[in-house]
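Number of protein chains: 2
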Amino acid sequence: MQDKASLQSALRMWEEALGELVRRDGPDLSARQMAIMLIVYLQEPPHTVRGLAAQLKISKPAVVRALDTLGRMDLLKRKPDEQDKRSVNVVRTVKGSVYLSEFSDVVNEAAKRHLA
Amino acid sequence: MQDKASLQSALRMWEEALGELVRRDGPDLSARQMAIMLIVYLQEPPHTVRGLAAQLKISKPAVVRALDTLGRMDLLKRKPDEQDKRSVNVVRTVKGSVYLSEFSDVVNEAAKRHLA
DNA sequence: AGCGATTATTTCGCAAGCGAAACGTCTTTT
DNA sequence: AAAAGACGTTTCGCTTGCGAAATAATCGCT
């Protein structure tokens, strides 16, 4: 268990960043969609539907739907696997990189503001 | 603009915490619902529908719906304002406090794990 | 070559959330 | 006291997401 101060600290930081995101115009990603974005952009490729479903413990159709939505937004892309033609690799896009970059700015600003 | 290391740092922390939350059983709150929870539990009362809508720049019906859902989950409660009978105060519950306490544990664990 | 396993997707019925507009209640202004 | 405004809620039509089950394509094993 943490001390009370650090509990509040983490929550306040989350609040500021999240509030900023909700206020923002533009795409409002669900928790699952954001989790998939972060995995795809922060963990080493390759990323597959089954892999994402397993890591997040959600159903494969849920992953497929999230990829549909994120793909429509150009935040990531499907790329057929040439070795195993049943499989699909999920890859990054420029727009997705920009999106996450701005996102991390928001988080960092909140962190900085809170620590100050 | 931050240096690249700290950008990645914030994102990785967010990813670990968010991943844990998505995996978790139990209520899966939307971004808006979570934002409302954090405001109600971290900022000083009183909290009203119009106040929450203004702060998050979302419509009042959206706030009403979120309060319906969160209220059904016992994560917060409506309390009629005695002074101005048009108004409603949003107040905390024990269950909500527990929920956020566990939430901050997850965030803190992710932060600690990442800094290690 | 054939057959079961694996991968991703689609279909189905359903539940939840959205914004805009209308509404009911209460307060403030005139 | 009547009108105007403020607050929260409800209604409307619509969009999105969900899990479970069914489907299509491909792989691997024997």
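Chains as they are written, first to last, in our numbering: chain A, 164 to 279; chain B, 164 to 279. For glycine and all other residues, C-beta sits at the position ideal for the given N, C-alpha and C.
Proximity winner among A:Ser193, A:Leu230 and A:Met200, relative to methionine 197 (chain B) (alpha-carbon distances)
Reading the second sequence from its first residue, position 34 is the one you call residue 197 (chain B). Looking at the Cα atoms, A:Ser193 is the closest of the given residues.
- Query: Quick one: Cα of glycine 259 (chain A) to Cα of glutamine 246 (chain B), how far?
  - Reply: Position 96 of the first sequence holds residue 259 (chain A). Position 83 of the second sequence holds residue 246 (chain B). Between glycine 259 (chain A) and glutamine 246 (chain B), the C-alpha separation is close to 49 Å.
How is leucine 238 (chain B) classed by DSSP in three states: helix, strand or coil? The count along the second sequence starts at 1 and reaches residue 238 (chain B) at position 75. Leucine 238 (chain B) falls in the coil class under three-state DSSP.
Would a check of beta-carbon distances place aspartate 191 (chain A) closer than 8 Å to chain B? Taking the first residue of the first sequence as 1, we reach residue 191 (chain A) at position 28. Under the Cβ criterion of 8 Å, aspartate 191 (chain A) is counted among the residues facing chain B.
Problem set entry | Beta-bridge pairing of arginine 255 (chain B) - partner residues as DSSP gives them | One-based indexing of the second sequence puts residue 255 (chain B) at position 92. According to DSSP, arginine 255 (chain B) bridges with B:Leu239.
- Using the C-alpha atoms, what's the distance from serine 250 (chain B) back to valine 185 (chain B)? Looking up residue 185 (chain B) in the second sequence gives position 22. Looking up residue 250 (chain B) in the second sequence gives position 87. Valine 185 (chain B) and serine 250 (chain B): Cα-Cα distance of roughly 35 Å.
key: Own chain residues within Cβ distance below 6 Å of valine 269 (chain B), not counting five before or after   = By one-based count along the second sequence, residue 269 (chain B) stands at place 106. The beta carbon of valine 269 (chain B) sits closer than 6 Å to the beta carbons of Ala180 and Glu183 from its chain, once the five residues preceding and following it are set aside; these are given in chain order.
Grouping DSSP H, G and I as helix and E and B as strand, with all else coil, what is lysine 275 (chain B)?
For the purposes of this step, residue 275 (chain B) is identified with residue 112 of the second sequence, where counting begins at 1. Here lysine 275 (chain B) carries a helix assignment [DSSP, helix/strand/coil].
Q) Does the beta-carbon distance from aspartate 237 (chain A) to threonine 211 (chain A) come in below 8 Å? A) Here residue 237 (chain A) refers to the residue found at position 74 of the first sequence. Here residue 211 (chain A) refers to the residue found at position 48 of the first sequence. Note that the C-beta distance between aspartate 237 (chain A) and threonine 211 (chain A) is not below 8 Å.
Which residue wins for smallest C-alpha separation from aspartate 244 (chain A), given the options A:Glu272, A:Val226, A:Pro208 and A:Gln218? As a position in the first sequence, residue 244 (chain A) is number 81, starting the count at 1. When only C-alpha atoms are compared, the closest one is A:Pro208.
Next item on the list: Taking a Cβ distance cut-off of 8 Å, strictly less, list which residues of the segment 200 to 221 of chain B are near chain A, in chain order.
Entry: Those would be Leu201, Ile202, Tyr204, Leu205, Gln218, Leu219, Lys220 and Ile221, in chain order.
Answer with buried or exposed for arginine 195 (chain A), where buried requires no fewer than 16 other C-beta atoms within 10 angstroms of its C-beta. Indexing the first sequence from 1 puts residue 195 (chain A) at position 32. Of the other Cβ atoms in all chains shown, 16 or more fall within 10 Å of the Cβ of arginine 195 (chain A); this residue is therefore buried.
- Query: Ordered along the chain, which non-local residues of its own chain (more than five positions away) have a Cβ less than 7 Å from that of serine 222 (chain A)?
  - Reply: For the purposes of this step, residue 222 (chain A) is identified with residue 59 of the first sequence, where counting begins at 1. Around serine 222 (chain A): Ala216.
Valine 203 (chain B): buried (16+ other C-beta within 10 angstroms of its C-beta) or exposed? Numbered from 1 along the second sequence, position 40 holds the residue referred to as residue 203 (chain B). Around the CB of valine 203 (chain B), 16 or more other CB atoms lie within 10 Å, so the residue is classed as buried.
**Cross-chain neighbours of methionine 197 (chain B) in chain A, by beta carbon under 7 Å** = Start at 1 with the first residue of the second sequence, and residue 197 (chain B) comes out as number 34. The contact set of methionine 197 (chain B) on chain A, defined by CB atoms closer than 7 Å, consists of Leu181 in chain order.
Distance, Cα to Cα, isoleucine 199 (chain A) vs lysine 242 (chain B)? Start at 1 with the first residue of the first sequence, and residue 199 (chain A) comes out as number 36. Start at 1 with the first residue of the second sequence, and residue 242 (chain B) comes out as number 79. When only Cα atoms are considered, isoleucine 199 (chain A) and lysine 242 (chain B) end up about 38 Å apart.
Contact with chain B by serine 267 (chain A), beta-carbon distance below 8 Å = Numbered from its first residue, the first sequence carries residue 267 (chain A) at position 104. Taking 8 Å as the CB threshold, serine 267 (chain A) lines the interface with chain B.
Quick check on the burial criterion: 16 or more other C-beta atoms within 10 angstroms. Buried or exposed for arginine 261 (chain A)?
Here residue 261 (chain A) refers to the residue found at position 98 of the first sequence. It should be noted that the sequence gives valine, not arginine, for residue 261 (chain A). Counting every other CB atom within 10 Å of its CB across the protein chains shown gives valine 261 (chain A) a total below 16, marking it as exposed.
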